[in-house]
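Take a look at the structure below.
Numbering (the numbering used here), first residue to last: 954 to 1243.
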């Protein structure tokens, strides 16, 4: 399947009614919004496209909306938003109630209104991971002894953010998905609802269906949906699993694998080989959303 270069979203959006756009790395870099990306979605929305933002943030949608508004991307810029945190709440509700939390305290809004108890690791019946405790100072390998201990007790590991890394400004920081990866390698059981898994997409379809006046997520025509993202094992794998067309933002976290070295420079042959090597088939690519 050919991977087509695209200069502007407007070149291809007439084929779609719904756009599912990743946030971090596509619309902003954790510090500022990308003006061209904001403008691209605004133009698509002005044509009547339904814009649903879909993110692996472990925090509830209200928290992410507040962050986006601070960046200048107001709720009027999109039609809906679904976070990994939102869909992870159902996993937490079904899990044992005594949880050991791995991650920063700022993520605890995820638990608001849920009947669970945060305890120390030796008391826990399950693990909730939203990230590293100190993501600017630690690496996933620092957690291996703790993860081995938790695995030894056969605790289920709920991962609220399946992303492996994220870029904040020019820095690359580890996410909860990196710890889930180690836990899986140790033979532990991980529970994940965010991208690339189905629950977050079903929630996004339901939001889009409501906007279109359709009777639930099953009424959405997937052939009329375009997914946009920069993460191979989350955005691209998820779109592939769902049978969605996909626009890959190639200037993001994987740029080292096929970049030319110049800003935004993409070696198309290397990018095609990169995708083929991993077995994924996005339809389009561009360095940054515009």
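Glycine included, each C-beta is placed from N, C-alpha and C at the ideal position.
Next item on the list: Would you kindly report the start and end of the unbroken alpha helix (DSSP H) that includes residue 960?
Entry: Here residue 960 refers to the residue found at position 7 of the chain shown. Careful: residue 960 lies outside any alpha helix (DSSP H) and carries neither H nor E.
What residue ranges within the region 958-1045 form continuous alpha helix (DSSP H) runs of no fewer than 4 residues, ordered along the chain? 988-999, 1014-1024
request  = Following the continuous beta strand (DSSP E) through residue 1182, name the residue where it begins and the one where it ends.
outcome  = Against the chain shown, residue 1182 aligns to sequence position 229. Looking at the DSSP string, the run of the beta strand (DSSP E) that includes residue 1182 is 1178-1182.
Okay, do the region 974-986 and the region 1021-1037 touch, 3+ Cβ pairs below 8 Å being the bar? yes
Cβ contact check for the region 1135-1142 and the region 1156-1165: 3 or more pairs under 8 Å
no
| task | List the DSSP bridge partners of residue 1111. | result | Within the chain shown, numbered from 1, the residue matching residue 1111 stands at position 158. Answer is 1081, 1144, bridged to residue 1111.
ask   = Helix or strand or just coil, what does DSSP make of residue 1066?
value = As a first step, residue 1066 must be located in the chain shown, where it is residue number 113. Coil.
If residue 1007 sits next to residue 1177, beta carbons under 8 Å apart, how far is it from one beta carbon to the other, in whole angstroms? The residue labelled residue 1007 in the question sits at position 54 within the chain shown. The residue labelled residue 1177 in the question sits at position 224 within the chain shown. The pair is not a contact, with the Cβ atoms about 16 Å apart (cut-off 8 Å).
*Indicate whether residue 1198 and residue 1179 have their beta-carbon atoms separated by less than 8 Å.*
Position 245 of the chain shown, counted from the start, is the residue given in the question as residue 1198. Position 226 of the chain shown, counted from the start, is the residue given in the question as residue 1179. Yes; because the gap between Cβ atoms is below 8 Å, this pair is in contact.
Taking residue 1122 and residue 1084 to be in contact with their CB atoms under 8 Å, please state how far apart those CB atoms are, rounded to whole angstroms.
For this step, residue 1122 is matched to residue 169 along the chain shown. For this step, residue 1084 is matched to residue 131 along the chain shown. Going by Cβ atoms, the distance from residue 1122 to residue 1084 rounds to 17 Å, so no, they are not a contact pair.
**Study point:** Neighbourhood of residue 1187 by C-beta, 7 Å cutoff - its chain only, sequence neighbours within 5 removed
**Key:** Along the chain shown, read from residue 1 onward, the residue named residue 1187 stands at position 234. Counting only Cβ-Cβ distances below 7 Å, and skipping sequence neighbours, we find 1009, 1115, 1116, 1148, 1149.
Practice item. Look up residue 1211 in the DSSP assignment and say whether it is helix, strand or coil. Key: Position 258 of the chain shown, counted from the first residue, corresponds to residue 1211. Of the three classes helix, strand and coil, the one that applies to residue 1211 here is coil, per DSSP.
Could you spell out the range, first to last residue, of the alpha helix (DSSP H) harbouring residue 1193? Numbered from its first residue, the chain shown carries residue 1193 at position 240. Its alpha helix (DSSP H) spans residues 1190-1195.
Going by beta-carbon coordinates alone, are residue 1243 and residue 961 separated by less than 8 Å? Counting from one through the chain shown, the residue named residue 1243 turns up at place 290. Counting from one through the chain shown, the residue named residue 961 turns up at place 8. Contact flag set, yes.
Note to self: On the criterion of 16 or more Cβ atoms from any shown chain inside 10 Å, does residue 1086 qualify as buried, or is it exposed?
What the structure shows: For the purposes of this step, residue 1086 is taken as residue 133 along the chain shown, with counting starting at 1. Classification of residue 1086: exposed, given that the 10 Å Cβ count is below 16.
Terminal residues of the continuous alpha helix (DSSP H) containing residue 1164? If you number the chain shown from 1, residue 1164 lands on position 211. Run containing residue 1164: 1151-1165, per the alpha helix (DSSP H) assignment.
- Task: Measure how close the beta-carbons of residue 1061 and residue 1080 come, nearest whole angstrom, since I'm counting them as under 8 Å.
- Result: Working through the chain shown from its first residue, we reach residue 1061 at position 108. Working through the chain shown from its first residue, we reach residue 1080 at position 127. Not quite, the Cβ-Cβ distance comes to about 15 Å (not below 8 Å), so this is no contact.
Between 1075, 1232, 1000, which lies nearest to residue 1107 when the distance is taken from Cα to Cα? To locate residue 1107, count along the chain shown from 1; it is residue 154. Here the closest residue by C-alpha is 1075.
| message | Going by C-alpha to C-alpha distance, which of 1227, 1039, 1170 sits closest to residue 922? | response | Only positions 954 to 1243 of the chain appear in this structure, which leaves residue 922 out of reach.
Q: To the nearest angstrom, report how far apart residue 1175 and residue 1195 are at their CA atoms.
A: Position 222 of the chain shown, counted from the start, is the residue given in the question as residue 1175. Position 242 of the chain shown, counted from the start, is the residue given in the question as residue 1195. The straight-line gap from Cα to Cα measures roughly 8 Å.
Can you tell me whether DSSP reads residue 1125 as helix, strand or coil?
Position 172 of the chain shown, counting from 1, holds the residue named residue 1125. The answer is strand: DSSP assigns residue 1125 an E or B state.
- By the 10 Å Cβ neighbour count, where 16 or more other Cβ atoms means buried, how is residue 1048 classified, buried or exposed? In the chain shown, the residue the question calls residue 1048 occupies position 95. Result: buried.
> Taking the alpha helix (DSSP H) that residue 1087 falls in, what are its first and last residues?
Replying inline: The residue you call residue 1087 lines up with position 134 of the chain shown. First-last for residue 1087: undefined, no H or E at that position.
Give me the Cβ distance between residue 1200 and residue 959, rounded to the nearest whole Å; I'm assuming they're in contact under 8 Å.
Position 247 of the chain shown holds residue 1200. Position 6 of the chain shown holds residue 959. Right, the Cβ-Cβ distance comes to about 7 Å (below 8 Å), so this counts as a contact.
**Item:** Residue closest to residue 1016, alpha-carbon to alpha-carbon, out of 1059, 984, 1041, 994
**Value:** Counting from 1 along the chain shown, the entry for residue 1016 is found at position 63. Of the candidates 1059, 984, 1041, 994, the one whose C-alpha sits nearest the C-alpha of residue 1016 is 1059.
(request) Given a cut-off of 8 Å, decide if residue 1214 and residue 1240 are closer than it, judged by their beta-carbon atoms. (result) On the chain shown, residue 1240 is found 287 positions in, with the first residue counted as 1. On the chain shown, residue 1214 is found 261 positions in, with the first residue counted as 1. Going by C-beta atoms, residue 1240 is not nearer than 8 Å to residue 1214.
- Own chain partners of residue 1071 with C-beta closer than 7 Å, once the 5 adjacent residues on each side are dropped: The sequence position of residue 1071 within the chain shown is 118, counting from 1. Answer for residue 1071: 1052, 1054, listed in chain order.
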